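What follows is one structure encoded as structure tokens, with my remarks underneath.
Residue numbers (this note's numbering): 34 to 566.
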């Protein structure tokens, strides 16, 4: 094979000073990368469309690895699942593992544990659905159970909504927890079930729980991948890694559900209809809180800071600090890591949520063991219970408010930005409420909505406690005010003519359309001149 030929060729460099076996392998890797690039295979984490058919992938340890190997492994089709020093855990097809061996890595297969979820002590998907239905039936005053769709094998994706007024859209932040992306990581599903039970069974008797249910709209999807969970495999029944299947700012920057796994489409469509502001996805196989970004446009970067990097760090520390085994990690200082600082992935939900949905999501790895003994689950819950509650409280910090039409009072679909931080959050258009989580400080907020004049609210003080409140009323753009300066004048006439001539279309207020033809042009120019006269 071609890789073996490269190995044989590079054997000739043995006599060169300073080139040992490790360096030889690095040279081979570089040559192979060039070859792959020549065939157009170096776009990161290419994801076939649902149903195209994936090769069966097995788990393995490989070593020694360094950061220079990540792009190579990705290009070969290996899914990196964790890195500890010079050792990485990957999932790959057998032919890929063979190619990796040829490149000089040591490959140690891991028993993949492909066991149907029958007698292993974890609940079956139908048992999870029945448990959720029972909880919902016993607590109808504070929860609703809905299905957001079915898996390829016809299993329901059950989502539960918990709030003091579960049928009413209120001025409350939405918090979303999800487990079971990978079917061989069942504890995340059980933790989500425990969290639901805690909230429902302790509402009205536990002050902290009662406050969360009263102040938040909490959504929990315990099992994202019911088919993979039933089979005990990482991937869904079509062989797709659901946490590599979302739009990605680097490899797949089109925010559309089209062509993705059906489970991914269901969750994306649900998210488009809601406005979560804070989220967590629960996994196993490590013990750490992972925060965005997961990848960088710079292939040599070792850290990918999101605009809210400092906020993400504090939120991650909030979770990890209340979980002693996590915070005491020998691998991850304080039990947290930036995604790219650990290893890069493309198509993960945490980057998609932050970039396109304006929602902060952390990936929480809760156990070094993929499938710990069921006897460990109670202990695992105790390690994570306080963290799951405390993290949710972050949604109530920063700045919050309502955005409405100044004339009608109707809520608006608006974009909210803290000036100086290159990140937008969005109102829930049903109510018009926004929730911009921020660290303590003084901020200016810029609020924009299509068809309205932008407003900037200056010098908002944010403390450690509950969010500062700033409601905003936006004025509709006046017809004829093309440049958006709130005055209809000669500048509007000139810009209208420029647009009509195709010279300049930047910065126009399209809602300043006078004749209702959906365009800015001569009619708007004449209108401006009439007003001036």
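Where a beta carbon is used, it is the ideal one built from N, C-alpha and C, also for glycine.
All of these numbers come straight from a predicted model, not from anything done at the bench.
Residue i, enclosing beta strand (DSSP E) - first and last residue
i	result
residue 257	Per DSSP, residue 257 belongs to no beta strand (DSSP E) and is neither H nor E.
residue 420	First-last for residue 420: 410-425, but that is the alpha helix (DSSP H), not the beta strand (DSSP E).
residue 371	369-371
residue 190	189-195
residue 457	457-459
residue 450	448-451
residue 567	An answer regarding residue 567 cannot be provided, because it is not within the stretch 34 to 566 covered by the chain.
residue 142	139-142
8 Å contact criterion, which residue i and residue j should meet: CB distance rounded
i	j	result
residue 112	residue 125	7 Å
residue 436	residue 445	5 Å
residue 340	residue 456	4 Å
residue 221	residue 315	3 Å
residue 477	residue 490	7 Å
residue 407	residue 256	Going by Cβ atoms, the distance from residue 407 to residue 256 rounds to 16 Å, so no, they are not a contact pair.
residue 424	residue 281	With a Cβ gap of about 25 Å, residue 424 and residue 281 do not count as contacting.
residue 384	residue 325	5 Å
residue 122	residue 92	7 Å
residue 182	residue 307	14 Å between Cβ atoms; not a contact.
residue 402	residue 317	6 Å
residue 193	residue 229	6 Å
residue 3	residue 172	Missing from the structure shown is residue 3; the chain here goes from 34 to 566 and no further.
residue 419	residue 355	4 Å
Exposure label - residue i; buried when at least 16 CB within 10 Å
i	result
residue 571	Missing from the structure shown is residue 571; the chain here goes from 34 to 566 and no further.
residue 102	buried
residue 170	exposed
residue 156	buried
residue 44	Since pLDDT at residue 44 reaches only 39, below the 50 mark, its modelled position is unreliable, and the value read off the structure follows with that caveat. With fewer than 16 other Cβ atoms within 10 Å, it is exposed.
residue 277	buried
residue 304	buried
residue 238	exposed
residue 550	exposed
residue 449	buried
residue 473	exposed
residue 215	buried
residue 442	exposed
residue 211	buried
residue 412	exposed
residue 218	buried
residue 53	Confidence at residue 53 is low in this model, with a pLDDT of 46, below 50, so the placement of that residue is unreliable and no value is reported for it.
residue 502	exposed
residue 377	buried
residue 70	The pLDDT assigned to residue 70 is 47, lower than 50, so where the model puts this residue is not dependable, and the model offers no usable value.
residue 563	exposed
residue 5	The shown model of the chain, from 34 to 566, leaves out residue 5, and the question about it has no answer.
residue 349	buried
residue 78	Below a pLDDT of 50, predicted positions are generally treated as unreliable, and residue 78, at 39, falls in that range; the measurement from the model is reported next regardless. With 16 or more other Cβ atoms within 10 Å, it is buried.
Option in the options with minimal Cα separation from residue i
i	options	result
residue 94	116, 300 and 308	116
residue 196	185, 500, 242 and 246	246
residue 512	541, 334 and 395	541
residue 440	311, 243 and 506	506
residue 394	310, 453 and 400	310
residue 206	473, 127, 499 and 259	499
residue 313	323, 306, 563 and 307	323
residue 335	317, 363, 320 and 372	372
residue 485	438, 144, 354 and 549	438
residue 254	248, 201 and 177	177
residue 475	451, 142, 136 and 482	451
residue 483	544, 121 and 181	544
residue 136	96, 249, 162 and 434	96
residue 364	501, 355, 356 and 375	375
residue 389	360, 471, 290 and 427	290
residue 252	225, 234 and 270	225
residue 189	98, 295 and 288	295
residue 162	154, 174, 172 and 180	180
residue 319	348, 345, 462 and 369	369
residue 31	198, 471 and 460	The requested residue 31 does not occur in the structure, where the chain is confined to residues 34 to 566.
residue 351	292, 410, 338 and 417	417
residue 504	248, 464 and 518	464
residue 328	404, 100 and 422	100
residue 344	431, 480 and 519	431
N-terminal and C-terminal residue of the alpha helix (DSSP H) that residue i is part of
i	result
residue 480	That residue, residue 480, is in no alpha helix (DSSP H); its beta strand (DSSP E) goes 474-481.
residue 220	220-235
residue 133	127-135
residue 103	103-108
residue 1	Past the edges of the chain, shown from 34 to 566, lies residue 1, and the structure says nothing about it.
residue 161	158-171
Enumerated in chain order, which unbroken segments of the beta strand (DSSP E) with a length of 3 residues or greater are wholly contained in the segment 288-339? 309-316 and 319-324
For the segment 335-405, which segments carrying the alpha helix (DSSP H) assignment without a break, of at least 4 residues, lie completely within its bounds, in sequence order? 342-354, 357-360, 372-375 and 382-390
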